[in-house]
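Visitor:
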Amino acid sequence: MSAAPRRRTPALAAALLAVLASAAPAVAAAPGSLQAPMIPNGVAPHLAGTHGAVLHSTSSNWSGYAATGARFTSVSASWVQPAATCTGTSTWSSFWIGLDGDGSNSVEQTGSEVDCSSGQPQYYAWYEMYPAYPVNYSNTVRPGDHFNSTITTNGSGSFTLTLTDSTQGWTRTVNKSLKNAALASAEIIAEAPSSSSGVLPLTNFGKVSFTNATANGQAIGNFSPDAITMASGSTTKAATSGLSGGNAFSVTFKHS
8 MSAAPRRRTP ALAAALLAVL ASAAPAVAAA PGSLQAPMIP NGVAPHLAGT
58 HGAVLHSTSS NWSGYAATGA RFTSVSASWV QPAATCTGTS TWSSFWIGLD
108 GDGSNSVEQT GSEVDCSSGQ PQYYAWYEMY PAYPVNYSNT VRPGDHFNST
158 ITTNGSGSFT LTLTDSTQGW TRTVNKSLKN AALASAEIIA EAPSSSSGVL
208 PLTNFGKVSF TNATANGQAI GNFSPDAITM ASGSTTKAAT SGLSGGNAFS
258 VTFKHS
């Protein structure tokens, strides 16, 4: 692949899921040879059915939960870095929290990643303030590391992004500005990053578990969030579980 970096992107166009029950609706550059051509972030339309108070949709690049329908000034979550099962194929996966990206043209996000190249996993952490390029941290990341992350904004264009690896004992905090951010969504996501040729093959990460998932200081479940499943046509790539206690869920790898 090209040495130009690839990007994590907002959720790409989703396919409509069947309505399961009737109810009123309440949704970085990789190192070395893993780098792929950069593409801009785009809008994130979702077509969704409802199940209880939770929306259900599919996306070609996201799995997880996205809250909409309010003005969001904070998002936080914890997760354990999953281990990759690598073969001879290059694959990519990232795990992050963010504001915006679901139906907007800005994304403020930070998280961790595991990619595969020549059968070897590469782990690292990063942040991104689109439209600026993603930035990788030099800190060590290993499978099984416990991450805690928070993003806050004053609502006037100033953002603080904090990512802590409590296993390795490091914290990275950046203060950034992004004017005219929509602040229209808050999300906790497992993603298949994209390049100029489209969505990249997803790393087999097994399962990632997110806990303490909050938006605006409340359990994300309080916002009747969109439960997003990553799929390509009729093939599920990563399945999102239901919410436990309104603030915990898992995403399970199914297909690259």
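Mapping of the sequence shown onto the numbering used here: residues 8 to 263, in sequence order.
Backbone N, C-alpha and C define an ideal beta-carbon position, used for all residues, glycine too.
Determine the contact status of Tyr144 and Tyr130, defining contact as a CB-CB distance below 8 Å.
Guide: The sequence position of residue 144 within the sequence shown is 137, counting from 1. The sequence position of residue 130 within the sequence shown is 123, counting from 1. Not in contact: Tyr144 and Tyr130 (Cβ atoms no closer than 8 Å).
Visitor: Start and end of the beta strand (DSSP E) containing Cys123?
Guide: By 1-based counting over the sequence shown, the position of residue 123 is 116. Its beta strand (DSSP E) spans residues Val114 to Ser124.
Visitor: Keeping to the same chain, check which residues put their C-beta closer than 6 Å to that of Ser248; ignore five residues upstream and five downstream.
Guide: In the sequence shown, residue 248 corresponds to position 241, counting from 1. Excluding positions up to five away in sequence, the list reads Phe256 and Ser257.
Visitor: Going by DSSP, which residues form a beta bridge with Gly249?
Guide: On the sequence shown, residue 249 is found 242 positions in, with the first residue counted as 1. In DSSP, Gly249 forms no bridge with anything.
Visitor: Find out if the Cβ-Cβ distance for the pair Thr218, Ser85 is shorter than 8 Å.
Guide: Mapped onto the sequence shown, residue 218 falls at position 211. Mapped onto the sequence shown, residue 85 falls at position 78. Yes, Cβ-Cβ distance for Thr218 and Ser85 is below 8 Å.
Visitor: Can the beta-carbon of Leu168 be found less than 8 Å from the beta-carbon of Val181?
Guide: Working through the sequence shown from its first residue, we reach residue 168 at position 161. Working through the sequence shown from its first residue, we reach residue 181 at position 174. A contact, by the Cβ cut-off of 8 Å.
Visitor: For the pair the segment 222-230 and the segment 131-141, tell me if three or more CB-CB distances fall below 8 Å.
Guide: The way I'd put it, the segment 222-230 doesn't touch the segment 131-141; fewer than three beta-carbon pairs between them come closer than 8 Å.
Visitor: If you draw a straight line from the alpha carbon of Thr210 to that of Thr96, how long is it in whole angstroms?
Guide: Mapped onto the sequence shown, residue 210 falls at position 203. Mapped onto the sequence shown, residue 96 falls at position 89. The straight-line gap from Cα to Cα measures roughly 9 Å.
Visitor: Which residues share a DSSP beta bridge with Ile195?
Guide: As a first step, residue 195 must be located in the sequence shown, where it is residue number 188. Tyr72 and Ile104.
Visitor: Please state the DSSP three-state secondary structure of Phe154.
Guide: Numbered from its first residue, the sequence shown carries residue 154 at position 147. Of the three classes helix, strand and coil, the one that applies to Phe154 here is strand, per DSSP.
Visitor: Do Glu198 and Ala73 count as a contact pair if the criterion is CB distance below 8 Å?
Guide: Taking the first residue of the sequence shown as 1, we reach residue 73 at position 66. Taking the first residue of the sequence shown as 1, we reach residue 198 at position 191. Their beta carbons are not under 8 Å apart, which means Ala73 does not touch Glu198 by this criterion.
Visitor: On the criterion of 16 or more Cβ atoms from any shown chain inside 10 Å, does Asn161 qualify as buried, or is it exposed?
Guide: Here residue 161 is taken as the residue at index 154 of the sequence shown, counted from 1. Exposed, because fewer than 16 other Cβ atoms sit within 10 Å of the Cβ of Asn161.
Visitor: Just the C-alpha distance for Thr157 and Gly213, rounded to the nearest angstrom, thanks.
Guide: Within the sequence shown, numbered from 1, the residue matching residue 157 stands at position 150. Within the sequence shown, numbered from 1, the residue matching residue 213 stands at position 206. Approximately 24 Å between the Cα atoms of the pair.
Visitor: Would a C-beta distance cut-off of 8 Å place Gly110 and Ser192 closer than the cut-off?
Guide: Looking up residue 110 in the sequence shown gives position 103. Looking up residue 192 in the sequence shown gives position 185. Yes. Within cutoff.
Visitor: Can you give me the Cβ contacts of Ala31 inside the same chain, cut-off strictly under 6 Å, excluding the 5 residues immediately before and after it?
Guide: In the sequence shown, residue 31 corresponds to position 24, counting from 1. Low per-residue confidence applies at Ala31: pLDDT is 28, beneath 50, and the placement is therefore not dependable, though the value from the model is reported in the following sentence. Answer for Ala31: no residue qualifies.
Visitor: Taking DSSP as the reference, what is the three-state secondary structure of Gly229?
Guide: As a working note, residue 229 is residue 222 in the sequence shown. According to the sequence shown, residue 229 is Asn rather than Gly. The answer is helix: DSSP assigns Asn229 an H, G or I state.
Visitor: The beta strand (DSSP E) spanning Thr178 covers which residue range?
Guide: Looking up residue 178 in the sequence shown gives position 171. Thr178 -> beta strand (DSSP E) spans Trp177 to Ser184.
Visitor: Could you tell me the distance, in whole angstroms, from the CA atom of Thr178 to the CA atom of Trp103?
Guide: Residue mapping note: residue 178 aligns to position 171 of the sequence shown, counting from 1. Residue mapping note: residue 103 aligns to position 96 of the sequence shown, counting from 1. Approximately 15 Å, taken between the alpha carbons.
Visitor: State the Cα-Cα distance for the pair Leu190 and Asp107, rounded to the nearest angstrom.
Guide: By 1-based counting over the sequence shown, the position of residue 190 is 183. By 1-based counting over the sequence shown, the position of residue 107 is 100. Cα to Cα, the separation comes out at about 6 Å.
Visitor: Out of Ala220, His153, Tyr140 and Pro89, point me to the one whose CA is closest to Asp122's CA.
Guide: Numbered from 1 along the sequence shown, position 115 holds the residue referred to as residue 122. Ranked by Cα distance from Asp122, the first of Ala220, His153, Tyr140 and Pro89 is Pro89.
Visitor: Look at Asp233 and Ser64 and say whether their C-beta atoms are less than 8 Å apart.
Guide: As a first step, residue 233 must be located in the sequence shown, where it is residue number 226. As a first step, residue 64 must be located in the sequence shown, where it is residue number 57. It is a contact, given that the beta carbons lie within the stated cut-off.
Visitor: In whole angstroms, give me the CA-to-CA distance for Gly228 and His262.
Guide: Translated into positions along the sequence shown, residue 228 becomes position 221. Translated into positions along the sequence shown, residue 262 becomes position 255. Using only the alpha carbons, I get a separation of about 27 Å.
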